[in-house]
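See structure below.
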Amino acid sequence: MSNNSILVVGGGFAGITAALEAAEIGYEVYIVETNPYLGGRVAQLNQYFPKLCPPSCGLEIQFQRIKNNPNVKVITMADVTSVSGSAGNYDVKITQRPRFVNEKCTACGECEKATSTKVTSEFDFGTGSRGLAYKTHPFMFPMRYVVDAENASETELVAIKNACPYDAVDTDDVAKSIDLAVGAIVVATGWKPYDVGNLTTLGGGKLKNVVTNMQFERLCAPNGPTNGKIQRPSDGAEPQKIAFVQCAGSRDQNHLNYCSYICCMASLKHVRYVRERSDAAATIYYIDLRTPGRYDKFKSITEADDKLNLVKGKVAAIIEDADGSPIVTVENALTGIKTDEKFDMVVLATGMQPSCSGLQVPAGAIDADGFVIDGEGIIAAGCAKQPLDVMKTAQSGTAAAMKAIQTVVGR
């Protein structure tokens with residue numbers, strides 16, 4: 033006999049879509065998310081395609097649907113530790129890490145004020161800092177603080193607990209083990225930026241004013257570390273000349289063999305960010321500018337800007353001068369001329385790597401690149417399956433929900 037419950041591993045756009053599509057026709061769905069919040073990479077963006085909406089635009093609608101649907105159970109700060117059984121009857125074991133904040137939390141922020149210690153913000157990809165009691169972003173869901181007990185002293189933990197007027201801070205919270213019985217599993221574990229440390233010729237993440245495309249998103253976001261102002265990390269100055277380097281780790285047999293799909297569009301979007309905020313000049317170094325379908329119009333409008341210079345050529349090296357300004361070495365593929373050009377700031381379009389790459393997949397199997405392979409009763413969705421934009425990610429989530437339902441009703 034089949035179990036009609038469905039497990040969705042990952043609470044990004046694909047996972048949320050899959051969960052809601054199944055839940056809204058009556059199936060019990062569990063979303064297991066490793067972060068303290070739902071929304072995945074979309075939550076970290078300044079704007080997303082196709083309409084350049086802020087992430088809250090699409091996510092808050094989804095969050096409201098989750099709140100209104102008792103069929104959806106959300107388990108954050110949790111990881112799948114084992115899966116046994118077969119399609120229709122899976123036994124899943126989950127470990128949930130302590131949040132140290134319970135459901136009484138109103139997100140009033142008093143706990144955050146109780147300690148001045150700051151650590152690097154994972155949500156901001158290291159471009160900013162956060163406190164030891166923190167919200168990752170203003171529209172966080174669940175809207176509940178997290179206490180970083182690992183980095184807090186005993187004195188700070190007591191101060192955080194005493195500051196809460198609602199008795200929501202539970203310093204005795206411990207890890208929990210959860211067992212679920214489900215009939216199908218949707219793996220929507222998303223993607224991670226390719227490790228810039230591997231790109232040694234492009235600075236390897238050690239050059240002060242060379243950032244990744246996702247770091248640039250956080251710098252441009254109103255809720256980011258600079259409140260949306262584009263600033264050089266080294267000195268806070270507003271850059272007047274910015275380079276965008278395509279295929280930083282993608283389409284390279286030494287790194288990621290495949291095209292990461294979104295990078296060209298993201299860099300064109302980043303040029304828009306720059307031009308909206310300043311009169312700075314931008315250069316995109318590219319192999320090919322790939323803007324599929326509806327995005328070709330976006331490309332045409334963006335490249336018409338006389339402050340944008342498009343150079344076909346692969347960047348061979350980036351170094352920095354005495355004041356931290358990056359110097360880019362590139363050979364123009366059309367003229368054959370090799371040049372060194374100085375910029376105030378460089379943005380690397382680092383590739384989209386599946387989150388499961390190099391790790392044990394929570395369920396099913398992965399291919400050589402780390403993408404999840406569909407199996408009987410285990411369905412991949414979103415960027416766990418292949419590189420996708422947000423719109424196609426949502427479509428993938430809907431398709432995964434249909435396959436999961438077919439699994440549980442067909443047994």
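Following my numbering, the numbering of the sequence shown begins with 33 at its first residue and continues without gaps. For each residue, glycine too, the CB sits at the ideal point set by N, CA and C.
{"query": "Which parts of the segment 90-173 are runs of the alpha helix (DSSP H), unbroken and 4 residues or longer, counting only runs that do not cross its ends?", "result": "142-145"}
{"query": "State whether the segment 263-281 contacts the segment 228-246, with contact taken as three or more CB pairs (one from each stretch) at a distance under 8 Å.", "result": "yes"}
{"query": "If you check the beta carbons only, do residue 147 and residue 165 fall under 8 Å apart?", "result": "yes"}
{"query": "Starting from the C-beta of residue 114, find all residues in its chain whose C-beta is less than 6 Å away, skip the five residues before and the five after it, and write them out in chain order.", "result": "125"}
{"query": "Smallest Cα separation from residue 44: which of 244, 104, 223?", "result": "223"}
{"query": "Expressed to the nearest angstrom, what Euclidean distance is found between the alpha-carbon atoms of residue 328 and residue 180?", "result": "44 Å"}
{"query": "Could you have a look at residue 384 and say whether DSSP puts it in helix, strand or coil?", "result": "strand"}
{"query": "Which parts of the segment 187-243 are runs of the beta strand (DSSP E), unbroken and 3 residues or longer, counting only runs that do not cross its ends?", "result": "208-214, 216-219, 223-225"}
{"query": "What residues in its chain sit with their C-beta under 8 Å from that of residue 36, if we drop five residues either side in the sequence?", "result": "59, 60, 215, 440, 441"}
{"query": "Can you give me the start and stop residues for the alpha helix (DSSP H) that residue 372 sits inside?", "result": "Per DSSP, residue 372 belongs to no alpha helix (DSSP H); it is in the beta strand (DSSP E), 370-374."}
{"query": "Within 8 Å of any Cβ in chain C, is that where the Cβ of residue 167 sits?", "result": "The structure shown has no chain C; it contains just one protein chain."}
{"query": "For the segment 77-88 and the segment 244-254, state whether three or more C-beta atom pairs, one from each stretch, are separated by less than 8 Å.", "result": "yes"}
{"query": "CB of residue 311 to nearest heavy atom of the ligand ADP: below 7 Å?", "result": "Of the ligands one can find in the structure shown there are none, so the ligand ADP has no counterpart to examine."}
{"query": "Please report the distance separating the alpha-carbon of residue 131 from that of residue 336.", "result": "49 Å"}
{"query": "Whose C-beta lies closer than 6 Å to the C-beta of residue 340 among residues of the same chain, with five residues either side of it excluded?", "result": "303, 314"}
{"query": "Where does residue 98 land, buried or exposed, given buried means 16+ other C-beta within 10 angstroms?", "result": "buried"}
{"query": "Return the chain-ordered list of same chain residues with a C-beta closer than 7 Å to the C-beta of residue 117, the five sequence neighbours on each side being excluded.", "result": "123"}
{"query": "By how many angstroms is the C-alpha of residue 398 removed from the C-alpha of residue 446?", "result": "Nothing about residue 446 can be reported from this structure: the residues present for the chain run from 33 to 443 only."}
{"query": "Under the assumption that residue 299 contacts residue 245 (Cβ atoms under 8 Å), give the Cβ distance between them as a whole number of angstroms.", "result": "7 Å"}
{"query": "Excluding the 5 residues flanking residue 365 on each side, which residues of the same chain have their C-beta closer than 6 Å to its C-beta?", "result": "344, 345"}
{"query": "I'd like the list of long-range same chain contacts for residue 205, defined as Cβ closer than 6 Å, with 5 residues on each side in sequence excluded.", "result": "130, 132"}
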